[in-house]
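In what follows, a structure is listed as structure tokens, so that the remarks can point back to it.
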């Protein structure tokens with residue numbers, strides 16, 4: 005069954021300063037994209053959901069509360085985060101990075117997931133022994149996504165996956181994200197490439213100063229002059 009995430013009254017921040025507060029959102033099967041200007045709280049939202057930041061509020065994955073401030077427990081519940089900047093181990097090989105992504109799984113299941121990763125990402129199979137730090141930005145982003153899939157997530161969260169990538173690579177990456185969603189993994193994506201993200205997504209939210217200021221069907225948001233001009237910087 006596809007994962008569903010319900011968030012109500014979420015507040016989180018750093019060193020006592022609340023970056024997001026009173027935030028409500030629903031992440032349904034398919035692709036949900038979160039948009040907004042720099043400093044709106046998008047990355048804070050993902051980190052709080054992933055258990056990397058203290059938070060208050062109600063966060064329910066399917067029918068059970070998601071543990072707060074416990075990243076390992078969140079992974080065990082089926083949530084995986086691809087952080088901004090990829091966070092790979094550059095002096096380790098592609099295979100070793102992938103195996104680390106499945107560290108909570110038993111050896112046999114980890115081996116099955118590794119074979120699946122190489123099947124789904126043929127370019128990574130070709131570079132299995134190559135050091136991650138020597139690959140292109142686009143290849144590193146693919147590795148980061150494949151590594152996240154090694155934990156067998158039902159909810160995959162992506163933080164600015166297209167950052168620093170060439171337009172053609174952005175298209176390829178978003179096609180991979182659509183394929184992952186079609187395979188039954190719910191996707192929550194923070195993205196700065198507004199047009200391409202909304203074209204790929206099913207629904208979207210716009211954040212400003214830690215609060216949701218607009219939400220709805222992705223195509224409706226894409227066609228909204230008010231949203232594009234006020235929040236997305238699109239003339």
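Residue numbers (this note's numbering): 5 to 239. By construction, the Cβ of each residue, glycine as well, lies at the ideal position given by its N, Cα and C atoms. On a predicted model such as this, the values are computed, not experimentally measured, just so you know.
{"Query": "Just checking: is the beta-carbon of residue 186 within a distance shorter than 8 angstroms of some beta-carbon in chain B?", "Result": "Reference to chain B is not applicable here, since this structure consists of a single protein chain."}
{"Query": "Could you give the C-beta distance for residue 149 and residue 180, rounded to a whole number, given that I count them as a contact under 8 angstroms?", "Result": "7 angstroms"}
{"Query": "Taking the alpha helix (DSSP H) that residue 189 falls in, what are its first and last residues?", "Result": "Taken as a continuous stretch (DSSP letters only), residue 189 belongs to no alpha helix (DSSP H), as it is neither H nor E."}
{"Query": "Please report the straight-line C-alpha distance between residue 201 and residue 186, rounded to a whole angstrom.", "Result": "16 angstroms"}
{"Query": "Classify residue 17 as helix, strand or coil using the three-state DSSP reduction.", "Result": "strand"}
{"Query": "Where in the stretch 56-100 do unbroken runs of the beta strand (DSSP E), each at least 3 residues long, occur, reported from the N-terminal end onward?", "Result": "59-65 and 83-86"}
{"Query": "Can we say the stretch 98-113 touches the stretch 59-70, given the rule of at least three CB pairs closer than 8 angstroms?", "Result": "no"}
{"Query": "Using 10 angstroms around the beta-carbon of residue 49, count the other beta-carbons present and answer buried if the total reaches 16, otherwise exposed.", "Result": "buried"}
{"Query": "For residue 131, name the three-state secondary structure that DSSP assigns.", "Result": "coil"}
{"Query": "For residue 221, write down the residues that DSSP places opposite it in a beta bridge.", "Result": "207"}
{"Query": "Which residue from 40, 65, 220 and 13 puts its Cα closest to that of residue 194?", "Result": "40"}
{"Query": "Under a three-way DSSP split, which group does residue 167 fall into?", "Result": "coil"}
{"Query": "For the alpha helix (DSSP H) holding residue 47, just list the boundary residues, first then last.", "Result": "46-53"}
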